[in-house]
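Enquirer: Oh and the sequence shown: position 12 is 46 in our numbering, straight run, nothing missing.
Following this message is one structure expressed as structure tokens.
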Amino acid sequence: RKPDFVWIKSTSSGSQWHNLQDSVRGAQKHLYSNAANAEDTTATGFTDFIENGYSLGSANGFNAASSNYIAWCWKMLDNNNDNAELNEVGTIVSLNSLAGQSITTYTGNGTQNATVGNGFNTQAKLVIIKNRDQGDAWFVGSPELGTNQFMELNENTAKTTNSDLNYTINSTTMQFTSASPHHMFNASGERYVMYSFHNITNYQKIG
């Protein structure tokens with residue numbers, strides 16, 4: 035099947051850069067899990083999602099001559115049609131999938147208690163959010179961490195809390211409960227991507 039989320043890393047150049055692409059944002063748009071950078075577009079890097087894989091240009095972070103790479107690939111959208119689904123659960127309309135793994139894109143509205151749907155009929159156990167427009171850290175939340183505790187994918191700090199980043203993961207949504215929603219997950223007018231995962235017996239477990 036065609037992958038929907040691909041994480042690529044050079045294993046030979048000593049480069050620290052990790053490139054993350056997904057089919058909802060578009061093949062040529064990538065983020066860096068090791069950095070707070072906003073979303074980049076590279077026409078000569080990751081070029082398309084194709085049946086059983088993906089296609090590449092010659093950009094250094096993806097396909098430089100004589101370099102070796104590793105790629106992790108996830109099938110995160112509708113397995114039958116390879117399409118994202120319009121999900122209207124929550125106060126922010128989003129694109130995502132009814133699966134154990136989902137990709138959501140949304141635009142923040144800056145309001146307390148705003149919710150964004152994850153496409154599940156059960157509570158997500160892991161939520162990873164990145165601001166696509168601003169250079170801000172990756173937000174990693176989970177009910178397994180504890181109330182309002184989160185981590186940052188691109189940092190080496192321990193789990194922490196911040197009143198501007200208070201949140202609740204409900205049965206079908208991610209809810210931003212902070213009085214002053216942070217740029218990391220719900221600033222007004224800024225675009226975000228959210229990757230969500232939930233437990234599936236005999237398949238995957240977050241803990």
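Positions of the beta carbon are idealized from the N, C-alpha and C atoms, including for glycine.
Less than 8 angstroms between the beta carbons of threonine 211 and asparagine 204, yes or no?
Expert: In this structure, asparagine 204 does not lie closer than 8 angstroms to threonine 211 by Cβ.
Enquirer: Given 8 angstroms as the limit, is there contact between the segment 70-83 and the segment 93-100, that is, 3 or more CB pairs closer than that?
Expert: The answer is yes - the segment 93-100 touches the segment 70-83, with three or more Cβ pairs under 8 angstroms.
Enquirer: So valine 150 and threonine 207 are in contact, right, with Cβ under 8 angstroms, and what is the actual spacing, rounded?
Expert: The Cβ separation is near 6 angstroms, so the contact holds.
Enquirer: On the DSSP bridge list, what partners appear for asparagine 53?
Expert: Per DSSP, Ile42 and Tyr66.
Enquirer: Between the Cα of tryptophan 108 and the Cα atoms of Ser67, Val40, Ser100 and Gly124, which residue gives the shortest distance?
Expert: Nearest option by C-alpha distance: Val40.
Enquirer: Locate the beta strand (DSSP E) running through glycine 48, then write down its first and last residues.
Expert: No beta strand (DSSP E) contains glycine 48, which DSSP labels as neither H nor E.
Enquirer: Determine, using beta carbons only, whether serine 44 and serine 101 come nearer to each other than 8 angstroms.
Expert: Contact: yes.
Enquirer: Extract the residue ranges of the beta strand (DSSP E) inside the segment 75-119, only unbroken runs of 3 or more that lie entirely within it.
Expert: Runs of the beta strand (DSSP E) inside the segment 75-119: 80-84, 87-90 and 103-108.
Enquirer: Do the CB positions of methionine 110 and glutamine 135 come within less than 8 angstroms of each other?
Expert: Yes, the pair counts as a contact, with Cβ atoms nearer than the cut-off.
Enquirer: What is the DSSP secondary structure of serine 222, reduced to helix, strand or coil?
Expert: DSSP places serine 222 in coil when its eight states are reduced to three.
Enquirer: Which stretch, first to last residue, makes up the beta strand (DSSP E) that contains serine 136?
Expert: From DSSP, the beta strand (DSSP E) with serine 136 extends over 135-141.
Enquirer: Take the Cβ of threonine 139 as the centre, count every other Cβ of all protein chains shown within 10 Å, and call the residue buried at 16 or more, exposed below.
Expert: Result: buried.
Enquirer: Give me the residue from Gly142, Val174, Asp167 and Asn121 with the minimum Cα distance to asparagine 155.
Expert: The shortest C-alpha separation from asparagine 155 is found at Asn121.
Enquirer: Just to confirm, are serine 222 and asparagine 143 a CB contact at a threshold of 8 angstroms?
Expert: Yes; because the gap between Cβ atoms is below 8 angstroms, this pair is in contact.
Enquirer: How would you call tyrosine 237, buried or exposed, if buried means at least 16 neighbouring beta carbons within 10 angstroms?
Expert: It is exposed - the Cβ of tyrosine 237 has fewer than 16 other Cβ atoms within 10 Å.
Enquirer: Spatial neighbours of leucine 160 within its chain, please: CB distance less than 6 angstroms, with the 5 preceding and 5 following residues excluded, ordered by chain position.
Expert: Hits under 6 angstroms: Ser176, Phe231 and Ile240.
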